[in-house]
Amino acid sequence: MGRSSNSALVILAFFAIYFIWGSTYLLNKVAVMELEPFMLASFRFVTAGLLIFVITKFMKIPLTISKKQLLNTILAGIFFLSFGNGVVVWALKYVDSGFAALEISAQPLIILLLMRMLQGKKIQPMSLIGVVLGIIGIYLLVSQKQIITREESITGMIMIFFCMLSWAYGSLFVARADLPTNYFVNTGYQMFTAGITLALMSLAFGEEWSSPLDWSGKVQWSMALLVVFGSIVAFTSFNFLLKTVSPEKVATSTYVNPIVAMLLGWYFLKEQITVQSVLAATILLTGVYFINTKKTLAIFERFKR
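Numbering-wise (this note's numbering), the sequence shown opens with residue 64 and increments by one.
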């Protein structure tokens, strides 16, 4: 029963990081068109962190953690949220929501390479095939003329690339770090401390803050969904998966997120979807299968005999 229950949690957690996180690109795009990016991200994560602390108190879950765990949650929050997410929100001022998600699809490749360089882990043939398919899909998507001809897109692309490095290293760091054993508590500390860091970044960049009462209705709804589902539900699921499955499996969310983001951007923001985009999306999803599968290609079996 325990194993069955854990398997169900893993499936639900993957649903959250695949589809709920995929929708956050649209929600952030809607909000950043009206709000300052670091202020937006800071408000989102501080609010989510405080809500988690309230919920844990209500559920009588202890919030006490060691100094080492506090330091590790601060570092993880910086890798994932302050830089890894906050700068992506900033980049959304320059690129479409679907494009941002599509570029981040290259993250599994970065994680595999970092695992090879930092941990000496061998890249399995099936995972390598999945990464290659992912790169092909990404190339087909970003090589479209209507994307590469926009000068401001280059700035956004560079910003997102550094976010991917931060997020990838954070994934490896969290997999081995001493963190609070309760995933909900772990998420709360990461979000609250990252929100404070983002507030300092906002002040350093001279951003103008505004009251939620002054925001438009669509921005208020976007922020509410970002806080509850994009932050509390999805990020808790993410932390749970990093301790349950391998980092490269968790990173496959960056293959599915673009498909979700692309469809939502097309439907709600009228972002264009071409035949080339559909072909690329198909190749990306195939890459997800190869990275997730534990099967071995028959061509490699003879070398093991």
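Every residue gets a Cβ at the ideal spot worked out from N, C-alpha and C, and that includes glycine.
- Put simply, the backbone Cα of VAL341 is about 25 angstroms away from that of GLY293.
- Residue burial is scored here from C-beta neighbours: ASN91 has at least 16 other C-beta atoms within 10 angstroms and is therefore classed as buried.
- In this structure, VAL158 sits near GLY219, with a CB-CB distance shorter than 7 angstroms.
- The beta carbon of PHE116 sits closer than 8 angstroms to the beta carbons of LEU126, GLY251, PHE255 from its chain, once the five residues preceding and following it are set aside; these are given in chain order.
- Distance from the CA atom of TYR81 to the CA atom of GLU215, rounded to whole angstroms, is 28 angstroms.
- Judged by DSSP in its simplified three-state form, LYS333 adopts coil rather than helix or strand.
- When the five nearest sequence neighbours on each side are left out, the beta carbons in the same chain lying within less than 8 angstroms of the beta carbon of SER279 are those of GLU97, in order along the chain.
- If you draw a 10 Å sphere on the C-beta of PRO275, you find fewer than 16 other C-beta atoms in it, and that means exposed.
- Inter-segment contact for the region 98 to 108 and the region 328 to 346 is absent: fewer than three beta-carbon pairs are separated by less than 8 angstroms.
- Under the three-state reduction of DSSP, LYS306 is assigned to coil, being neither helix nor strand.
- Residue nearest to MET286 within the set PHE121, THR87, ALA163, LEU177 is THR87 (criterion: CA-CA distance).
- Per DSSP, reduced to three states, the secondary structure at PRO171 is helical.
- In the three-state reduction of the DSSP assignment, ASN245 falls in the coil class.
- If the five residues before and after THR136 are omitted, its C-beta is found closer than 8 angstroms to the C-beta atoms of ILE128, LEU242, PRO243, ASN249, TYR252, GLN253, THR256, all from its own chain and listed in chain order.
- In chain order, ALA231, SER234, LEU235, PRO310, GLU311, ALA314 place their CB closer than 8 angstroms to the CB of ILE174, counting only its own chain and leaving out the 5 sequence neighbours on each side.
- For VAL291, there is no enclosing alpha helix (DSSP H), as DSSP marks it with neither H nor E.
- A straight line joining the alpha-carbon of LEU266 with that of THR307 spans about 37 angstroms.
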